[in-house]
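Numbering (this note's numbering), first residue to last: 1031 to 1149.
Single-structure report; data block below.
Listed below in structure tokens is the structure:
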């Protein structure tokens, strides 16, 4: 196999790896707008999915409210913290049965907390 073919294949594999998060419990296919938890698909409206997708890509790290807003609404619309909070509230309610939580750091942002794996 030629070097360029290997590089292209590795690049495509890396691109696919960035597109899909799967830890055996939570699966998110970012480009396909698909989420499942414990094998159960979660139907999220587009905006909720975009927020959740960003949180998953930065799991266990605080994501600034402005960054989440820009992922969902773009940079043309100024941040509306109250609207963002409503979307986070809706997401929390949908994620609660699956033991997924979204922490709030007041005046900073949000963080997705994944369930601890049993040892």
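Built from N, CA and C at the ideal position, the CB exists for glycine as well.
Identify whether residue i lies in helix, strand or coil by the three-state DSSP scheme.
i: residue 1138; result: coil
i: residue 1092; result: coil
i: residue 1059; result: strand
i: residue 1105; result: coil
i: residue 1052; result: strand
i: residue 1072; result: strand
i: residue 1036; result: Because the pLDDT at residue 1036 is just 42, under 50, the model does not fix this residue reliably, and the value given afterwards should be weighed accordingly. Of the three classes helix, strand and coil, the one that applies to residue 1036 here is helix, per DSSP.
From which residue to which residue does the alpha helix (DSSP H) around residue i run?
i: residue 1083; result: 1076 to 1087
i: residue 1144; result: Element bounds for residue 1144: n/a, residue is neither H nor E.
i: residue 1130; result: Taken as a continuous stretch (DSSP letters only), residue 1130 belongs to no alpha helix (DSSP H), as it is neither H nor E.
Just to confirm my understanding: we take residue i, look at its own chain, exclude 5 residues before and 5 after, and list those with CB closer than 6 Å. What are they?
i: residue 1141; result: 1092, 1133
i: residue 1051; result: 1058, 1086
Once the 5 residues before and after residue i are set aside, which same chain residues still bring their CB inside 7 Å of it?
i: residue 1072; result: 1065, 1066, 1124
i: residue 1083; result: 1058, 1060
i: residue 1049; result: 1059, 1060, 1061
i: residue 1077; result: 1102, 1117
i: residue 1109; result: 1095, 1096, 1099
Tell me which same chain residues have a C-beta within less than 8 Å of the C-beta of residue i, skipping the five on either side of it?
i: residue 1046; result: At residue 1046, the pLDDT of 49 sits below 50, so the modelled position is not reliable; the number obtained from the coordinates is stated separately. Within the same chain, residue 1046 has no close Cβ partners at all.
i: residue 1070; result: 1128
From the beta carbon of residue i, is the nearest beta carbon of chain B less than 8 Å away?
i: residue 1076; result: Structure shown: chain B not included; a single protein chain is present.
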